[in-house]
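Down below is the structure, laid out as structure tokens.
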Amino acid sequence: MEFCTNIDSIPWAPHPVAEGVEIRPLVTKKDHGLDVTCVLVKVPAGIEVPEHIHETQADILYPLQGRAEMYIEGAGNLELKPGVVVRVPIGVKHRIFNVAEDLLLYDVFQPATI
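The sequence shown begins at 1 in the working numbering and counts up one residue at a time.
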């Protein structure tokens, strides 16, 4: 098992539900045996991540760059920007919209999704 990986060796892949969005899986249950999934998510300006729910995972997002808005059911709209940490509880609707600057997110799912 590798304990350190250069992320440049991990390819970007299409997001499973958001057209035009890419993900780079950094840590997965399948590859690392941990019950957590950590991914980078690239959302280009003008693209949205449609409303969705994670039925069995909490979702923790940390923007590394860019600016956008996020809707979380029960909390309303909030600004996504570097320095903000967002926690979406299991089973809560959420979406990303009004992506004004290319967004790069560090996204953690627990328990693992992949």
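For every residue, glycine included, the Cβ atom is placed at its ideal position computed from N, Cα and C.
Residue i burial status per 10 Å Cβ neighbour count (16 or more: buried)
i: I114; result: exposed
i: T37; result: buried
i: F3; result: exposed
i: L78; result: exposed
i: D107; result: buried
i: I7; result: exposed
Per DSSP, cross-strand counterpart(s) of residue i
i: D107; result: V39 and L61
i: P44; result: Bridge partners of P44: none, in fact.
i: G76; result: I72
i: H94; result: H52 and I72
i: E101; result: R67
i: E22; result: P14 and K42
i: V86; result: L61
As assigned by DSSP and simplified to three states, the class of residue i
i: H54; result: coil
i: I7; result: helix
i: H15; result: coil
Rounded distance between the beta-carbons of residue j and residue i, thought under 8 Å
i: I53; j: G91; result: 6 Å
i: P25; j: V39; result: 5 Å
i: Q110; j: D35; result: 7 Å
i: E69; j: H94; result: No, E69 and H94 are not in contact; Cβ-Cβ is about 11 Å, not under 8 Å.
Can you find at least 3 beta carbon pairs, one from the region 61-74 and one from the region 2-15, that sit closer than 8 Å? These segments do not touch.
Does the region 85-99 touch the region 2-12, meaning 3 or more C-beta pairs lie closer than 8 Å? Between the region 2-12 and the region 85-99 there are fewer than three C-beta pairs closer than 8 Å, too few to call the two in contact.
Would you be able to state if there are at least three C-beta pairs under 8 Å between the region 95-105 and the region 41-57? Segments in contact, yes.
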